Amino acid sequence: MKRKLSHIEHIVEGNIVYFLRLEGHFSIERLQLALARVQHKHPALRALIREERGGLYYEADCAPEIPLRIVQRFAEDDYRRECERELNTAFAHGQPLLRAVWLQSELESDLLFSTSHRICDGASMLIIVKEVLRSLYANDELIPYEPITRRDIIGDFQPPQARKRKLTAFLLNGLLRAIPTSRRTPENKEHFLEWSADRTVSNLLRQRCKAEGVSVHAVFLVALDRALAAVFGEKLPKWIENPVDIRRGRFPALKDDMLFFGGGNFKVQTRQSPDMEFWARARALNDEIRKKVEQELVDIPGRFHFAEMLCPLKSGQIQSIVRLGDALKMNGSWNRFAFSNLGNIVISDSDAPFRVKDLRLYMHSLNFRALCLVTYTLDGEMRFYCVADEKCMSRNQASAFKREFLALLQDHLQAADASPGDGSRTLAAVAE
Numbered sequence: 072m073k074r075k076l077s078h079i080e081h082i083v084e085g086n087i088v089y090f091l092r093l094e095g096h097f098s099i100e101r102l103q104l105a106l107a108r109v110q111h112k113h114p115a116l117r118a119l120i121r122e123e124r125g126g127l128y129y130e131a132d133c134a135p136e137i138p139l140r141i142v143q144r145f146a147e148d149d150y151r152r153e154c155e156r157e158l159n160t161a162f163a164h165g166q167p168l169l170r171a172v173w174l175q176s177e178l179e180s181d182l183l184f185s186t187s188h189r190i191c192d193g194a195s196m197l198i199i200v201k202e203v204l205r206s207l208y209a210n211d212e213l214i215p216y217e218p219i220t221r222r223d224i225i226g227d228f229q230p231p232q233a234r235k236r237k238l239t240a241f242l243l244n245g246l247l248r249a250i251p252t253s254r255r256t257p258e259n260k261e262h263f264l265e266w267s268a269d270r271t272v273s274n275l276l277r278q279r280c281k282a283e284g285v286s287v288h289a290v291f292l293v294a295l296d297r298a299l300a301a302v303f304g305e306k307l308p309k310w311i312e313n314p315v316d317i318r319r320g321r322f323p324a325l326k327d328d329m330l331f332f333g334g335g336n337f338k339v340q341t342r343q344s345p346d347m348e349f350w351a352r353a354r355a356l357n358d359e360i361r362k363k364v365e366q367e368l369v370d371i372p373g374r375f376h377f378a379e380m381l382c383p384l385k386s387g388q389i390q391s392i393v394r395l396g397d398a399l400k401m402n403g404s405w406n407r408f409a410f411s412n413l414g415n416i417v418i419s420d421s422d423a424p425f426r427v428k429d430l431r432l433y434m435h436s437l438n439f440r441a442l443c444l445v446t447y448t449l450d451g452e453m454r455f456y457c458v459a460d461e462k463c464m465s466r467n468q469a470s471a472f473k474r475e476f477l478a479l480l481q482d483h484l485q486a487a488d489a490s491p492g493d494g495s496r497t498l499a500a501v502a503e
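Sequential numbering from 72 applies to the sequence shown in my numbering.
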């Protein structure tokens, strides 16, 4: 069975790498078995991408076994070298869309899992990570899934004004076909920053959010908006894009442990109510987020229906669009900043013969330039990962953004009834 890659799947080409540090032991045979079992479960890991007649297709149930590289681990930061290699190695057509690297040492091991963003987002990659780790020591049955179909997303959606939509798609396709193809090699050069808040500070932030009746996501968005405004000034990206997990009640076919398929997002305009008190803005934004997510879940079938009528862009055409953005000084990312909150990650298991000491994620875009912040909580500690292409945000700007983001949270974190001494720790413990 074959399925043509959609317009969206052509655009989102990039690599995601998860790094895990484990204390304990397991065998190569068990790791290979775990990879095989997880591949057997997920259709996206059993499929290959083929190129035929100038187009890209998924071909189901024909992928060879997931490749595993074994590297000797000599130093604690050896994983960074291997992460860099994995991030910059595109998934070749005819190869599985998941790779694994095992950095071995006597007491600790590092595992790297790399996948293509075409089949996986950050949250979905966690599913793979958890299942592989579980399969290293448990023999739980992993029942294979059937491939997700168009009907699972679109259902019985019937577009209003169908002729008008077809005409719009026809005209847009004409514009897309007219985009010239660039022969230049992509020049995406990214840098990243990582920092964290310890458990005490993280708990303090969660408690304050609960007292204010807002989500942590809303608070991060307010701090993000104002930190970006302070760093970019008039060149501030216009929108902050937030991914929406479409595996919600509206789409029962997309079970909790299904892999990524398309996804959705909602946008928040930057520089909104800059003079509003911080927590008042967070409360207003909390209500706005809820409404936007509800509307996005309603709109997804129609958006997918329309996207399927669009012609896929070739890599060279995407490069032309990127260079046009450069010429128009669109911050290298077409005035967008992406923000993803993965929430609380629970990955430890008392039955495991090993302990997960650390987990981190890294990303690299092979098409459009990256400009984003990812947050998650591990073992009660909030983590932050900012990745930016050099044409979107300089290293100095990234460092300034980090300082401003932390300062904003610190200034507004202390509870109203806390004494001055209680706030002395706040987020000063965050920066690494």
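Even glycine gets a Cβ: it sits at the ideal position worked out from N, Cα and C.
All values derive from a computational prediction rather than experimental measurement.
DSSP three-state call for tyrosine 456: helix, strand or coil? If you number the sequence shown from 1, residue 456 lands on position 385. Strand.
Please report how far the alpha carbon of arginine 170 lies from the alpha carbon of valine 315, in whole angstroms. Stepping through the sequence shown from its first residue, residue 170 is reached at position 99. Stepping through the sequence shown from its first residue, residue 315 is reached at position 244. Approximately 26 Å, taken between the alpha carbons.
Report the option in Phe337, Phe303, Leu295 and Val302 whose CA atom is closest to the CA atom of asparagine 313. On the sequence shown, position 242 is the one that residue 313 refers to. Asparagine 313 has its Cα closest to that of Phe337, out of Phe337, Phe303, Leu295 and Val302.
Quick test of your reading: serine 404 and proline 308, contact by CB under 8 Å. State the CB separation rounded to the nearest angstrom. Locating residue 404 in the sequence shown gives position 333, where the first residue counts as 1. Locating residue 308 in the sequence shown gives position 237, where the first residue counts as 1. 7 Å between Cβ atoms; contact.
Taking the CB atoms as reference points, tell me whether leucine 430 and leucine 91 lie closer together than 8 Å. One-based indexing of the sequence shown puts residue 430 at position 359. One-based indexing of the sequence shown puts residue 91 at position 20. Cβ atoms of leucine 430 and leucine 91: closer than 8 Å.
Residue from Cys191, His288 and Val302 whose Cα sits closest to the Cα of isoleucine 87: Taking the sequence shown and counting its residues from 1, the one referred to as residue 87 is at position 16. If we check each option's Cα against that of isoleucine 87, Cys191 comes out closest.
Less than 7 Å between C-beta atoms, sequence neighbours within five positions excluded: which residues of the same chain meet that for alanine 240? In the sequence shown, counting from the first residue as 1, residue 240 sits at position 169. Around alanine 240: Phe377, Met380 and Leu381.
Have a look at lysine 73 and proline 167 and give me their C-alpha separation to the nearest angstrom. Position 2 of the sequence shown, counting from 1, holds the residue named residue 73. Position 96 of the sequence shown, counting from 1, holds the residue named residue 167. Cα to Cα, the separation comes out at about 15 Å.
I'd like to know whether the C-beta atoms of glutamate 157 and valine 142 end up nearer to each other than 8 Å. Numbered from its first residue, the sequence shown carries residue 157 at position 86. Numbered from its first residue, the sequence shown carries residue 142 at position 71. Contact flag unset, no.
For threonine 252, is the classification buried or exposed, using 16 other Cβ atoms within 10 angstroms of its Cβ as the cut-off for buried? If you number the sequence shown from 1, residue 252 lands on position 181. Exposed: under 16 other Cβ atoms inside 10 Å.
For a cutoff of 8 Å on Cβ pairs, would you count methionine 196 as touching chain B? Absent from the structure: chain B. Only one protein chain is present.
Just to confirm, are valine 287 and cysteine 280 a CB contact at a threshold of 8 Å? On the sequence shown, residue 287 is found 216 positions in, with the first residue counted as 1. On the sequence shown, residue 280 is found 209 positions in, with the first residue counted as 1. Against a cut-off of 8 Å, the Cβ pair of cysteine 280 and valine 287 comes out as a contact.
Report the CB separation of leucine 292 from alanine 469 in whole angstroms; it is logged as a contact under 8 Å. Here residue 292 corresponds to residue number 221 of the sequence shown, with the count starting at 1. Here residue 469 corresponds to residue number 398 of the sequence shown, with the count starting at 1. Their Cβ separation, rounded to whole angstroms, is 19 Å, which puts leucine 292 and alanine 469 out of contact at 8 Å.
Give me whichever residues DSSP pairs with glutamine 175 in a beta bridge. In the sequence shown, counting from the first residue as 1, residue 175 sits at position 104. BP columns for glutamine 175 point to Gln143.
Leaving aside the five residues before and after aspartate 296 along the sequence, list all residues of the same chain whose C-beta is less than 6 Å from its C-beta, in chain order. On the sequence shown, position 225 is the one that residue 296 refers to. If we look at aspartate 296 and ignore the five residues flanking it on each side, its Cβ neighbours are Thr341.
Determine the direct distance from the alpha carbon of alanine 146 to that of proline 507, and round the result to whole angstroms. Examination of residue 507 is not possible in this model, given that the chain is present from 72 through 503 alone.
Where the alpha helix (DSSP H) through isoleucine 371 begins and ends: The count along the sequence shown starts at 1 and reaches residue 371 at position 300. Per DSSP, isoleucine 371 belongs to the alpha helix (DSSP H) from 349 to 378.
Stretch pair the stretch 179 to 198 + the stretch 76 to 85: three plus CB contacts closer than 8 Å: yes
Under the three-state DSSP convention, the category lysine 400 falls into: On the sequence shown, residue 400 is found 329 positions in, with the first residue counted as 1. Lysine 400 falls in the coil class under three-state DSSP.
Using 8 Å as the threshold, is the C-beta distance between serine 176 and arginine 140 below it? Taking the sequence shown and counting its residues from 1, the one referred to as residue 176 is at position 105. Taking the sequence shown and counting its residues from 1, the one referred to as residue 140 is at position 69. Their beta carbons are not under 8 Å apart, which means serine 176 does not touch arginine 140 by this criterion.
Could you name the residues of the same chain whose beta carbon sits closer than 8 Å to that of isoleucine 416, not counting the 5 residues immediately before and after it, in chain order? Translated into positions along the sequence shown, residue 416 becomes position 345. Only Leu197, Leu430, Tyr447, Thr448 and Leu449 meet the Cβ criterion.
Output the distance between the C-alpha atoms of leucine 275 and alanine 194, rounded to the nearest integer angstrom. For the purposes of this step, residue 275 is identified with residue 204 of the sequence shown, where counting begins at 1. For the purposes of this step, residue 194 is identified with residue 123 of the sequence shown, where counting begins at 1. Spanning the two alpha carbons is a distance of roughly 25 Å.
In the DSSP output, which residue or residues are listed as bridge partners for glycine 451? To locate residue 451, count along the sequence shown from 1; it is residue 380. According to DSSP, glycine 451 bridges with nothing at all.
Kindly provide the ranges of any alpha helix (DSSP H) runs that are 4 or more residues long and lie completely inside the stretch 243 to 320, ordered along the chain. 270 to 283 and 287 to 303
Less than 8 Å between the C-beta atoms of serine 206 and leucine 104, yes or no? Counting from one through the sequence shown, the residue named residue 206 turns up at place 135. Counting from one through the sequence shown, the residue named residue 104 turns up at place 33. Cβ atoms of serine 206 and leucine 104: closer than 8 Å.
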